[in-house]
Amino acid sequence: MSDETRTAIRAFIVENFLFGDDSQPLAADLSLIDNDLIDSTGILELVGFLEERFAITITDADIVPANLDTIDRIAGFIARKQAA
Amino acid sequence: MCGIAGYHGGNFSPERAADALARMVAALRHRGPDAEGVLVRGDTGLAHTRLSIVGLADGAQPMETEDASLAVSFNGEIFNYVELRADLAARGHRFRTTSDTEVLLKAYEARGIDCLQDFNGDFAFALYDARNRTLLLARDRMGVRPLFYTEHEGALFFASEIKALLALPGMTAQIDPLALDQIFTLWCPIPPRTAYRGIHELPPGHMMLVRDGERTIRPWWQLSFPDRADVPSAGQTGEQAEELRALLSDATRIRLRADVPVGAYLSGGLDSSLIAALAARTVTHGLRTFSLTFRSEEHDESGWQRQMAATLDAETDSVECTTAAIAAGMPEVMRHIECPILRTAPVPLHLLAARVRERGMKVVLTGEGADEIFAGYDIFREARVRRFCGRQPLSARRPRLFQRLYPYLPGLHQQTPEYLARFFAFGAETLDDPLYSHRPRFRSTAATKLFFSAELKDTLGDYDAAADLAAQLPADFGRWHPLHQAQYLETAFLLPGYILSSQGDRVMMANAVEGRFPFLDHRVVAFAANLPPETKLQGLREKHILKEAARGLVPEAIIDRPKQPYRAPDSESFAAPGTPAYLDDVLSPARLAENGLFNGPAVGKLKEKVVKGQASGFRDNAAFIGILSTQLLGAAAPSTHRA
Chain A
1 MSDETRTAIR AFIVENFLFG DDSQPLAADL SLIDNDLIDS TGILELVGFL
51 EERFAITITD ADIVPANLDT IDRIAGFIAR KQAA
Chain B
1001 MCGIAGYHGG NFSPERAADA LARMVAALRH RGPDAEGVLV RGDTGLAHTR
1051 LSIVGLADGA QPMETEDASL AVSFNGEIFN YVELRADLAA RGHRFRTTSD
1101 TEVLLKAYEA RGIDCLQDFN GDFAFALYDA RNRTLLLARD RMGVRPLFYT
1151 EHEGALFFAS EIKALLALPG MTAQIDPLAL DQIFTLWCPI PPRTAYRGIH
1201 ELPPGHMMLV RDGERTIRPW WQLSFPDRAD VPSAGQTGEQ AEELRALLSD
1251 ATRIRLRADV PVGAYLSGGL DSSLIAALAA RTVTHGLRTF SLTFRSEEHD
1301 ESGWQRQMAA TLDAETDSVE CTTAAIAAGM PEVMRHIECP ILRTAPVPLH
1351 LLAARVRERG MKVVLTGEGA DEIFAGYDIF REARVRRFCG RQPLSARRPR
1401 LFQRLYPYLP GLHQQTPEYL ARFFAFGAET LDDPLYSHRP RFRSTAATKL
1451 FFSAELKDTL GDYDAAADLA AQLPADFGRW HPLHQAQYLE TAFLLPGYIL
1501 SSQGDRVMMA NAVEGRFPFL DHRVVAFAAN LPPETKLQGL REKHILKEAA
1551 RGLVPEAIID RPKQPYRAPD SESFAAPGTP AYLDDVLSPA RLAENGLFNG
1601 PAVGKLKEKV VKGQASGFRD NAAFIGILST QLLGAAAPST HRA
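Encoded structure:
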C-alpha cells in the first residue's frame, strides 16, 4: 500500500464527495458512511474510479464496507486486488 | 379563495394605515384578481383580494355584520356552510348574502371561537370583534391555507403570503439560519418559524387571540392517534372500506360546492383517480381533468392517466413538462413559494395550475393527503423493513428487502446487503428513537449542509434540527404505534410545511387556482388515524384499505400498480445544453459571497458537475436545488440576505 494510493483516493474523495473542501482533516480510518461522506450513488462512483484508476475489476461481492469504508480499507483492498 | 392581510395596534394615522393596507393588497393581487377591499375599525385594519367562487355577486370582503360589531377577512372555504347556514337560520339568524363568509360571521356571533369546531374547510381568516376589541386569527386544521405574521412598528401585521409583509415600509428580508438548517435537514421549517427571520407562521390548527396588546396562540385542533395498547387488531376490512368510501364520497361532494366549474388533477395514481371518479359521479357539467406528463420514463405516468381519463370519459388536458421548462420556471416559482426547496417538484405543478387558469377554471380537486393518512409513502414501508431487519441485525437476507422498496432507484439495486444495512442504519439500539422512521432521510438530507459557508456553520454551532423537531412532539407521541408516529411526522410537518404550501397553495394561487383536498377532510383524517396500522400498511402493501374502497370505481390495474411517487427531473434540468442563462449570475462567487450562506468554491464545483450532467446522487441533487432556490430568494432581496 503506497502513500501514492492513499493520496489518490483521498484526492478523489475530497474532489467528488467534499467538493474540494479540505478544511477538515480526512483521516485514513474515518468511516465514509458514518460521516455521511458517501451515499448509495457515491459508492458506485467510487467503484468506477477505483476500477479505472487502479486497473482492477471489482465484483459485486467486493462491494462491502469492509473493503471500501475508509481510505485505509480501500488502499488495502486495492493492494490485495493488485497482488492477486 | 383569496388573499388576506391586515394589522392590529400601532396607532397609525389614516394615511399610514391606508398605505400599509394598499401595499399588502398589491402584493396579494395574484391570489384574488376578481375584487379587493380594505376596512379600518379602530386600531385594526383588514384587507382582502378576492377570487370569486362562492356567492359571486354578494360575497365582497372584508365583510361586516349589520351592526358592524364583527368584521372578517377570510381566505378559503367552509365546505359545510350550507348545513351551518340552515342550522343558524333555524336558530333565528338572518342572512343578507349567499356567501360562506357571512356564515363564518354568524357562526362566530353564535358560538364565539368554538365555532371553529363546526367548520369543515380549508381557511385562514382574521376576524375583528369590536365589542371587546379582540382580533382572532385562525387557520384550518391541516394547514391548507397559509397565514404569516410579524411584529412591525408596534403593531401585529398578518398576511396570506410573506411578500405582503415584506412590502411594508422598513421591513427587510433576512434568511433565518435555523430555518435554513431545518430545511436542509427536515425539508421544511418547523412552524412557527419560516425561512425569514422575524416572520412567523400561524401553525396549522391554531388560533391567535389579540386583546389589549396581549397575544395568545393556541391549538384548536390537533392530529392525534390512539395509544398503541388501544389499537384494535386488523379484522375484516370490508365494512371499514365501505365506511371509508361513504366518507370520501361526502368529502368530495361538499368540495364540489362552488358557483364556478370544478375540475380535478389526475396523476395516474390511485389517490387522484379515486377522487376524480367520486367527483365524476356528482358533476353534471362533465368533469375536466388536468395531468402532467414528462419525457423521461422514470417520471412519466401518462399511460395511466389516459386509462383513467377513458374510464371517466372526462375531458382531459395534459401539460408536458420539459427540463427546460423546469429550469426556466424556477425563479418565478421561488418568488411565490418563499421558502427554499430541495426538489424541483413545485415547478411542474405551477405550470399545471397555469393551464387550469388558461382553461378559465378556478377550482380543482386533488388526491393530496392520501399518502400521509393511509400510509402510502415509501418511508412508512422503509421504516417497517428497518425495524424488521433491526430485530435480526446479522441477517444477510433481510436487507435485500430494501431493494424491493425502491425499484425505481437503480443505484440501490446494485448494493450488497452489507451496504444496505449501513445506509438504512437499522441498529437495534435506535428502535425507541421517536424519529426512527425518518432518521435515514434526515441524515442523508443533512449531508447537504456540507455546502454551508463557514460563517453559517459558525452561526449554527451545534444546533440540531432533528432534536428540535423531537422536542416539539405531542406528550403522548411515545405511546403511539410506530406507524402512527411516522404518519404524524409526515402529516403534521412535511404536509403543511412543503406539500400543501410549496407544491400546493402557493403554486396554485400564483395562478388564482384553488385546490381542494377531499382526503384532508377532518372526518376522513380522524377515521384513518383510528384504523389499525395493518389496515393501512398490510405487510409492505401500502394504502390497503383505500385500495379496497376504490374497487369498482378505479380500474384494477391502477389500484394494483406499483406506487410511483411524484417526482420531477431535478438537477438534470440544469445540465448543458439546457443550462439557463441566470444560473451563472445566481450562483456566481460574488452573489454567493454577498448572501454569505454557502461555500462559494464548493458550490462552484457542484454547479460544474450539474452542468456536465454528472450530479446523480440524492445529496448532490438536493443540495443543488436547495442552494439554487435559496439564492433565488436572495435575488428578491439583494444585500439584505446575510444570515
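Residue numbers (the numbering used here), protein chains in the order written: chain A, 1 to 84; chain B, 1001 to 1643. In this text, a Cβ means the ideal position worked out from N, Cα and C, and glycines have one as well.
Whole-angstrom distance between residue 1441 of chain B and residue 1423 of chain B, CA atom to CA atom:
A direct Cα-Cα distance of roughly 10 Å separates residue 1423 of chain B from residue 1441 of chain B.
Between the region 1304–1319 of chain B and the region 1327–1341 of chain B, do three or more beta carbon pairs fall short of 8 Å?
Cβ pair count under 8 Å is below three, so no.
If I measure Cβ to Cβ from residue 1396 of chain B and keep anything under 6 Å in the same chain, skipping five residues before and after, which residues do I get?
1417, listed in sequence order.
Between residue 1253 of chain B and residue 1082 of chain B, how many whole angstroms is the CB-CB distance? I'm expecting something under 8 Å.
Cβ-Cβ separation between residue 1253 of chain B and residue 1082 of chain B: approximately 11 Å, too far for a contact (criterion under 8 Å).
Whole angstroms are fine: how far does the CA of residue 1143 of chain B sit from the CA of residue 1236 of chain B?
Residue 1236 of chain B and residue 1143 of chain B have their C-alpha atoms spaced approximately 33 Å apart.
Quick check on residue 1318 of chain B: does DSSP put it in helix, strand or coil?
For residue 1318 of chain B, the secondary structure class from DSSP, reduced to helix, strand or coil, is strand.
Enclosing beta strand (DSSP E) for residue 1219 of chain B [first to last residue]:
Under the DSSP assignment, residue 1219 of chain B falls in the beta strand (DSSP E) whose first and last residues are 1214–1219.
How far does the alpha helix (DSSP H) with residue 1489 of chain B in it reach, from first residue to last?
From DSSP, the alpha helix (DSSP H) with residue 1489 of chain B extends over 1482–1489.
Examine chain B for any beta-carbon lying closer than 7 Å to the beta-carbon of residue 133 of chain A, and answer yes or no.
With chain A represented from 1 up to 84, any question about residue 133 of chain A goes unanswered, as that position is not in the structure.
CB contact check: residue 1416 of chain B to chain A, cutoff 7 Å
At a cut-off of 7 Å between C-beta atoms, residue 1416 of chain B counts as an interface residue with respect to chain A.
Between residue 1306 of chain B and chain A, is the shortest Cβ-Cβ distance under 7 Å, so that the two count as touching?
Not closer than 7 Å to any Cβ of chain A, the Cβ of residue 1306 of chain B fails to qualify, so no.
Is the beta carbon of residue 1522 of chain B closer than 7 Å to that of residue 1141 of chain B?
Their beta carbons are under 7 Å apart, which means residue 1141 of chain B touches residue 1522 of chain B by this criterion.
Select from the region 48–60 of chain A all residues with a C-beta closer than 9 Å to any C-beta belonging to chain B, and list them in chain order.
So the list reads 60, given in the order they occur along the chain.
Beta-ladder partner(s) of residue 1263 of chain B, from DSSP:
Residue 1263 of chain B pairs with B:1364.
Quick check: is the beta carbon of residue 1395 of chain B nearer than 7 Å to any beta carbon in chain A?
False, the Cβ-Cβ gap to chain A never drops below 7 Å.
Strictly below 9 Å CB to CB, what residues from chain B border residue 18 of chain A?
Proximity of chain B to residue 18 of chain A at the Cβ level (cut-off 9 Å) is accounted for by 1450, 1602, in chain order.
Taking just the CA atoms, how far does residue 1003 of chain B sit from residue 1029 of chain B?
Taking the straight line from one Cα to the other gives about 7 Å.
Residues, ordered as in the chain, of the region 1609–1622 of chain B that lie near chain A by beta-carbon distance below 7 Å
Listed in sequence order: 1616, 1617, 1618, 1619.
Beta-carbon separation (whole angstroms), residue 1341 of chain B vs residue 1629 of chain B, contact threshold 8 Å:
About 5 Å separates the two Cβ atoms, so the contact holds.
So for residue 60 of chain A, helix, strand or coil by DSSP?
DSSP, reduced to helix, strand and coil, places residue 60 of chain A within a helical segment of the structure shown.
Beta-carbon proximity list for residue 1348 of chain B, same chain, < 6 Å, skipping 5 on both sides:
Cβ neighbours of residue 1348 of chain B within its own chain (closer than 6 Å, five residues either side excluded): 1292, 1321, 1568.
Nearest-angstrom Cα distance between residue 1155 of chain B and residue 1476 of chain B?
Between the alpha carbons of residue 1155 of chain B and residue 1476 of chain B lies a distance of about 36 Å.
Measuring straight from C-alpha to C-alpha, what distance separates residue 83 of chain A and residue 12 of chain A?
Near 23 Å, if we compare the C-alpha coordinates of residue 12 of chain A and residue 83 of chain A.
For residue 1363 of chain B and residue 1516 of chain B, what's the separation of their Cα atoms in angstroms?
C-alpha separation (whole angstroms): 7 Å.
Kindly indicate if chain A contains any beta-carbon less than 7 Å away from that of residue 1639 of chain B.
Below a pLDDT of 50, predicted positions are generally treated as unreliable, and residue 1639 of chain B, at 39, falls in that range; the measurement from the model is reported next regardless. Output row for residue 1639 of chain B: interface = no.
Contact list for residue 63 of chain A against chain B, beta-carbon separation under 9 Å
At a C-beta separation below 9 Å, residue 63 of chain A has these neighbours in chain B: 1414, 1415, 1416, 1418, 1419.
Applying the 10 Å Cβ sphere with the 16-neighbour rule, what's the burial state of residue 1170 of chain B?
When all chains shown are included, residue 1170 of chain B counts as exposed.
Cα-Cα separation between residue 1612 of chain B and residue 1564 of chain B, rounded to whole angstroms:
If I take the Cα positions, the gap works out to 27 Å.
Going straight from the alpha carbon of residue 1278 of chain B to that of residue 1505 of chain B, what length do you get?
When rounded, the distance between both Cα atoms is 23 Å.
What is the DSSP secondary structure of residue 1334 of chain B, counted as helix, strand or coil?
Under the three-state reduction of DSSP, residue 1334 of chain B is assigned to helix.
As an exercise, report each continuous alpha helix (DSSP H) stretch of at least 4 residues that is fully enclosed by the region 1520–1606 of chain B, in chain order.
1522–1529, 1533–1536, 1544–1550, 1556–1559, 1582–1586, 1589–1595, all fully within the region 1520–1606 of chain B.
Is residue 1472 of chain B closer than 7 Å to residue 1346 of chain B when the C-beta atoms are compared?
Not in contact: residue 1346 of chain B and residue 1472 of chain B (Cβ atoms no closer than 7 Å).
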